[in-house]
Amino acid sequence: MAQMRTPIESGVPDNKRYLHPTLLKNYGNWRYHDRPRPGVLHHVSHSGDEVWSVRAGTQRQMDVHTIRKLCDIADTYAEGHVRFTIRSNIEFMVADTNKVAPLISALTESGFPVGGTGNSVSMIAHTQGWLHCDIPGTDASGAVKALMDELYTEFIREEMPNRVHLSTSCCEINCGGQADIAIVIQHTKPPKINHDLVANACERPAVVARCPVAAIRPALVNGKPSLEVDEKKCICCGACFPPCPPMQINDPEHSKFAIWVGGKNSNARGKPTFMKMVASGIPNNPPRWPEVSEIVKKILYTYKADARPWERLSDWVERIGWPNFFEKCELPFTKYLIDDWRGSRSSLNASTHIRF
Ligand code: SF4
Ligand code: SF4
C-alpha cells in the first residue's frame with residue numbers, strides 16, 4: 001500500500017511547544033492588550049485569562065553567564081518561559097499581576113533595563129560584527145553599545161512621537177534592514193587586490209558575476225590568473241569581497257559610516273518605506289564611535305521635538321520635506337544623498353548576464 005511521504009522539515013521549528021501555557025491555551029483568542037507601564041504588555045483573552053509580558057533590553061551577543069542569569073530570573077521571578085523579539089529584547093511572561101513588580105526589580109538590579117515597548121527607542125537591531133562574520137568593516141555591536149548607553153532613557157520611557165527602530169550594519173550588502181535610522185558601513189575606495197592569492201582562493205567567474213555594475217574583469221597579472229577592477233565604474237559596494245577575500249575592501253581609513261533614515265517594514269498607517277542616505281563619510285572610530293552617535297542623536301531629538309503625535313520618522317520627513325530635514329538636523333546636503341535609484345534599471349547589473 002502506498003505510504004504517505006514523510007514531510008521534509010526545514011525552516012524554524014514549531015514554536016507552540018515553547019510557548020508559555022497561557023499563551024498556548026489562548027492562541028489566536030486574544031480580546032485586547034494594553035501597556036500598564038513602559039516595558040510591560042498586558043494581554044487579555046476572550047476566556048478571561050490574562051498574561052503580562054515584561055520586556056528587557058539585552059546586548060544580543062551574550063556570554064553563557066549572562067544567559068544563565070536571564071534563565072535564573074525566568075525560573076525564579078517569572079514562570080520559566082522567555083522569548084526574544086526581533087530587536088533582541090527578551091520577554092518574560094507571567095500570568096499573575098503580583099509577579100510583575102518583583103520581576104522588574106530583579107531585571108533592573110541585574111542591569112537589564114525594562115522598556116522598549118510603545119513609542120520608545122527599541123533596542124538597536126544589529127548585525128554580527130567582528131565576533132561572527134568574515135567580512136565586517138566595523139563592529140556593529142560596539143557601535144550599538146556606545147549609542148544605547150546614551151539612549152538608555154529613551155528605551156525605558158515611551159516619549160517618542162511613534163516607535164523608533166534603529167539598526168546598525170557592518171557591511172553595505174548583506175544583513176541589516178529598513179529602520180527609522182540606520183547606521184551602515186560605507187566603503188569609499190575600490191578593493192585592493194592581492195594578485196598572489198586570487199588564483200588559489202577565488203572562483204573568478206563567480207566574482208565577476210557578483211559585481212552589480214560589471215566593473216570586474218578576469219586578467220592575467222604577473223603570468224597568473226587574477227582579476228582587475230575598472231575603478232571608474234566601481235561603486236565600492238564590497239560585494240566582491242565575500243566570495244574573494246583577496247579583493248580587500250575593508251580599510252581603517254576609507255571604510256566609513258553612513259546614516260540612512262526613513263525606512264520601515266510595517267503597513268500601519270502607511271506603506272512600508274525605503275530609507276535614504278542623509279550623512280556619509282563619518283569616521284569609523286572604535287571603541288565608542290562618537291561622531292556616529294552625535295549625528296544619530298541630533299536626528300532623533302529633532303524628530304522627537306518636531307514630529308506630530310504618531311508620525312513615524314518617514315512621515316515626519318514627508319511632511320516637512322527634505323530641505324527642512326537637512327536644515328533642522330544641521331546636516332550638509334550633497335548631490336550624493338537621498339538617491340532614489342531611479343537610474344538603477346539601466347546602471348545596475350540586475351541579471352546574471354555580464355555586460356561590459
Ligand atoms: S552586515 Fe555584512 S559584515 Fe555584517 S554580519 Fe552581515 S554579512 Fe557580515
Ligand atoms: S563588486 Fe562592488 S566593490 Fe567590487 S568591484 Fe564591483 S562595484 Fe566595486
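With UniProt numbering, letter number 96 in the sequence shown gets 96, and the count goes up by one each step, no holes.
Built from N, CA and C at the ideal position, the CB exists for glycine as well.
A quick note: this is a predicted structure, and the numbers were derived from the prediction, not measured.
Quick one: residues in its chain with C-beta nearer than 6 Å to the C-beta of residue i, no 5 flanking neighbours on either side, listed in chain order?
i: glycine 270; result: none
i: arginine 60; result: Ser88
i: methionine 93; result: His20, Val51, Ser53 and His81
i: asparagine 265; result: Gln178 and Pro272
i: serine 10; result: none
i: tryptophan 30; result: His43 and Ser45
i: alanine 279; result: Ile259, Ile295 and Leu331
Please go through the same chain and pick out, in chain order, the residues whose beta-carbon is closer than 8 Å to the beta-carbon of residue i, but skip the five residues on each side of it.
i: tyrosine 18; result: His81 and Arg83
i: isoleucine 8; result: none
i: aspartate 306; result: Trp316, Ile320 and Lys328
i: threonine 66; result: Thr58 and Gln59
i: isoleucine 104; result: Gly39, Val40, Val54 and Val114
i: cysteine 71; result: Val82
In chain order, what residues of the same chain have a beta carbon less than 7 Å from the beta carbon of residue i, not counting five sequence neighbours either side?
i: arginine 288; result: Ala146
i: alanine 219; result: Ser226, Leu227 and Glu228
i: tryptophan 322; result: Ile338
i: phenylalanine 356; result: Because the pLDDT at phenylalanine 356 is just 49, under 50, the model does not fix this residue reliably, and the value given afterwards should be weighed accordingly. Around phenylalanine 356: Ala214.
i: valine 100; result: Val40, Trp52, Val54 and Val94
i: proline 191; result: Val229, Cys240, Phe241, Met247, Gln248 and Ile249
i: lysine 297; result: Glu150
Please name the residue or residues paired with residue i in a DSSP beta bridge.
i: asparagine 89; result: Gly57
i: phenylalanine 84; result: Ile90
i: alanine 125; result: Ser167
i: glutamine 3; result: Answer by DSSP bridge pairing: none, since glutamine 3 is not bridged.
i: threonine 273; result: Lys264
Any heavy atom of ligand 1 within a distance shorter than 7 Å of the CB on residue i?
i: isoleucine 124; result: no
i: threonine 302; result: no
i: glycine 176; result: yes
i: glutamine 59; result: no
i: threonine 127; result: yes
i: cysteine 133; result: yes
i: alanine 182; result: no
i: alanine 140; result: yes
List the endpoints of the continuous beta strand (DSSP E) containing residue i.
i: valine 164; result: Here valine 164 belongs to no beta strand (DSSP E), and DSSP marks it neither H nor E.
i: tryptophan 260; result: 255–261
i: aspartate 315; result: Element bounds for aspartate 315: not the beta strand (DSSP E) but the alpha helix (DSSP H), 313–320.
i: lysine 69; result: First-last for lysine 69: 64–76, but that is the alpha helix (DSSP H), not the beta strand (DSSP E).
i: valine 221; result: 216–221
i: histidine 33; result: 30–37
i: histidine 187; result: 181–187
i: alanine 201; result: Looking at the DSSP string, alanine 201 is not in any beta strand (DSSP E); the run it does join, the alpha helix (DSSP H), is 195–201.
i: leucine 227; result: 224–229
i: serine 120; result: Where serine 120 is concerned, there is no enclosing beta strand (DSSP E), given that its DSSP letter is neither H nor E.
i: serine 280; result: 276–282
So is the beta-carbon of residue i under 7 Å away from any non-hydrogen atom of ligand 2?
i: glycine 137; result: no
i: isoleucine 86; result: no
i: cysteine 171; result: no
i: glycine 238; result: yes
i: valine 198; result: no
i: valine 213; result: yes
i: isoleucine 320; result: no
i: proline 190; result: yes
i: valine 292; result: no
i: isoleucine 193; result: no
i: arginine 210; result: yes
i: valine 229; result: yes
i: cysteine 202; result: no
i: cysteine 234; result: yes
i: isoleucine 249; result: yes
Between which two residues does the alpha helix (DSSP H) carrying residue i extend?
i: glutamate 294; result: 290–306
i: histidine 46; result: Element bounds for histidine 46: n/a, residue is neither H nor E.
i: alanine 146; result: 140–156
i: serine 23; result: As written in the sequence, residue 23 is leucine, which differs from the serine given in the question. Run containing leucine 23: 21–25, per the alpha helix (DSSP H) assignment.
i: alanine 209; result: 204–210
i: alanine 106; result: 100–109
Can you give the beta carbon distance from residue i to residue j, rounded, assuming they're within the 8 Å contact cut?
i: lysine 224; j: alanine 199; result: 5 Å
i: cysteine 171; j: isoleucine 185; result: 6 Å
i: serine 120; j: methionine 62; result: Actually they do not touch by this definition, with Cβ atoms about 21 Å apart.
i: asparagine 267; j: glycine 137; result: Not a contact, Cβ separation roughly 33 Å.
i: threonine 117; j: leucine 24; result: With 8 Å as the limit, threonine 117 and leucine 24 do not qualify as a contact, their Cβ atoms being about 22 Å apart.
i: alanine 74; j: proline 113; result: Not quite, the Cβ-Cβ distance comes to about 17 Å (not below 8 Å), so this is no contact.
i: glycine 115; j: isoleucine 181; result: Contact flag wrong, Cβ pair sits at about 18 Å.
i: isoleucine 124; j: serine 167; result: 6 Å
i: asparagine 162; j: tryptophan 310; result: 5 Å
Please tell me whether, using a cut-off of 7 Å, the distance from the CB of residue i to the nearest non-hydrogen atom of ligand 4 is below it.
i: arginine 217; result: Only ligand 1 and ligand 2 can be found as ligands here, which leaves ligand 4 out of the picture.
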